[in-house]
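Under the numbering used here, the first residue of the sequence shown carries the number 19, and numbering increases by one thereafter.
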Amino acid sequence: MQVTRALEPLLPLCQRLLPNLPSLPAVPVRLAGLSAALLKATALEIAILAGHLLLYPSGIIQERRAASPPDDPGPGTGGTTSVDSGDGPVPLPTQAPPPVVLLHGFIDNRSVFVLLRRSLAQHGRHRVESLNYSPLTCDIRTAAELLGRHIEEICTRTGSSRVDVVGHSLGGLIARYYAQRLGGDVRVRTLVTLGTPHSGTRVAPLANAHPIVRQMRPGSALIEELSRPAPGCRTRFVSFWSDLDHLMDPLESACVDHPDLLAQNIRVTGIGHLALPVHPAVATGIRQALDSVPEDAETAPAAGGLTVA
């Protein structure tokens, strides 16, 4: 409000120079609305951070690789349907959804996906695995190669030819590099990214001492590499980006903008960076994105946005 009062004497001149400038009564209302949303999102971020710090130790150790659970019909089948052949119903196998690989962000681990993993399992996604990469990882390309080996192992073990990937923040960038630059589009059917700096982010300049942070800067060699032509890339990209993401500068850097990629960008309103992998409304959007295919992608959340506040 003090800022608004300070600008009041200059407002008539500004309105003559800029006819589309909002009237004075609208300014504090908009500021108040933005402030309330920002305060709410910030409070949620702090609560999520506190909870995540408690869960963090549980995700340090790499998870055990297990065979398909007993209630999973096995590779290549997702249950049965039946048709009447005249002699009674005959069960027919149906195609199971591909395994889902969860990839965490910078200086994080698989514990960030506890709630999302539960949501996926409750809705039929029983083959869900997480990959921990070391916080000492200093190169996105190296991490992408590790992801590729991990996905090959999953495909061999489960009998599935492709997987879906959900990557939070840096994890989404690692997965994109694998799919777009290392031939991983053969294996990755759908890549969902959450608050991933696809075009680079300028936030926290002091963090440039870390080589991975430098790779995530706009104009870095790696970001430029991802902007190169990628004809025939078979992976479908779905990017969730938040209008209150404090780690994206500019905010739109979390969108996939590439002429050769089949991409859908979904704006999330009302939450910040840390809430993207844990908010139930976003989890619903992720499930819809994974369950849809390019020809019926309209079943996923509209590209216009997702309001969760």
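In this text, a Cβ means the ideal position worked out from N, Cα and C, and glycines have one as well. Please read all numbers here as calculations on a predicted model, not as lab measurements.
How should residue i be labelled, buried or exposed, when 16 other C-beta atoms within 10 angstroms of its C-beta is the threshold for buried?
i: A225; result: exposed
i: S187; result: buried
i: A272; result: buried
i: H228; result: exposed
i: T325; result: exposed
i: L121; result: buried
i: G142; result: exposed
i: A157; result: It should be noted that the sequence gives Asp, not Ala, for residue 157. With fewer than 16 Cβ atoms within 10 Å of its Cβ, D157 is classed as exposed.
i: Q140; result: exposed
i: L71; result: exposed
i: L191; result: buried
i: A162; result: buried
i: L294; result: buried
i: G237; result: exposed
i: I64; result: exposed
i: S257; result: buried
i: V21; result: Because V21 sits at a pLDDT of 35, beneath the cut-off of 50, its placement in the model cannot be relied upon, and the point is left open.
i: D89; result: Here the model assigns D89 a pLDDT of 41, short of 50, so the residue's position is not dependable and the matter cannot be decided.
i: G201; result: exposed
i: I284; result: buried
i: I172; result: buried
Rounding to the nearest angstrom, what Cα-Cα distance links residue i and residue j in this structure?
i: S148; j: A55; result: 32 Å
i: L308; j: R220; result: 30 Å
i: V184; j: P223; result: 27 Å
i: R232; j: Q113; result: 42 Å
i: G218; j: W259; result: 13 Å
i: L165; j: G177; result: 18 Å
i: C251; j: R207; result: 10 Å
i: Q80; j: E243; result: 30 Å
i: E170; j: L240; result: 24 Å
i: L62; j: Q282; result: 26 Å
i: R246; j: H168; result: 26 Å
i: V146; j: R135; result: 7 Å
i: T174; j: T60; result: 43 Å
i: P296; j: A197; result: For the record, residue 296 in the displayed sequence is Val; it is not Pro. When rounded, the distance between both Cα atoms is 25 Å.
i: H144; j: L57; result: 37 Å
i: Y195; j: R235; result: 15 Å
i: D275; j: G189; result: 18 Å
i: L73; j: V210; result: 23 Å
i: L292; j: P249; result: 33 Å
i: L133; j: V204; result: 29 Å
i: L279; j: S53; result: 36 Å
i: T302; j: V130; result: 17 Å
i: G290; j: H264; result: 7 Å
i: V119; j: D182; result: 6 Å
i: P153; j: R199; result: 23 Å
i: D126; j: R159; result: 18 Å
i: L212; j: P75; result: 22 Å
For a test of the three-state rule: what should DSSP assign to residue i, helix, strand or coil?
i: S187; result: coil
i: S152; result: coil
i: N226; result: helix
i: D182; result: strand
i: R207; result: strand
i: G323; result: coil
i: E171; result: helix
i: G177; result: coil
i: L200; result: coil
i: E81; result: coil
i: G94; result: With a pLDDT of only 40 at G94, under 50, the local geometry of the prediction cannot be trusted, and no value is derived from it.
Which whole-angstrom value is the C-beta distance of residue i and residue j, which I expect to be below 8 Å?
i: P215; j: M266; result: 6 Å
i: P277; j: R180; result: In fact, because the Cβ distance is near 24 Å, the residues do not count as touching under 8 Å.
i: G288; j: L262; result: 7 Å
i: V286; j: G323; result: 7 Å
i: G77; j: R128; result: 4 Å
i: I230; j: T155; result: 7 Å
i: R305; j: L138; result: 7 Å
Closer than 7 Å: is that where the CB of residue i sits relative to any heavy atom of the ligand ADP?
i: E270; result: Although the ligand ADP was asked about, the structure shown includes no ligands whatsoever.
Practice task
Write down every uninterrupted run of the alpha helix (DSSP H) in the region 210-256 whose length is 4 residues or greater and which is fully enclosed by it, in chain order.
Solution key: 229-233, 239-244
Exercise for the section: Within the region 107-149, note down every full alpha helix (DSSP H) run reaching 4 residues or more, in order along the chain. Expected result: Every alpha helix (DSSP H) of 4 residues or more that sits fully in the region 107-149 is shown, in chain order, as 132-140.
Problem - Segments of 3+ residues assigned as beta strand (DSSP E) that fall wholly inside the region 251-314 - result: As summarised for the region 251-314, the continuous beta strand (DSSP E) elements at least 3 residues long and confined to that stretch are 254-260, 280-287, given in chain order.
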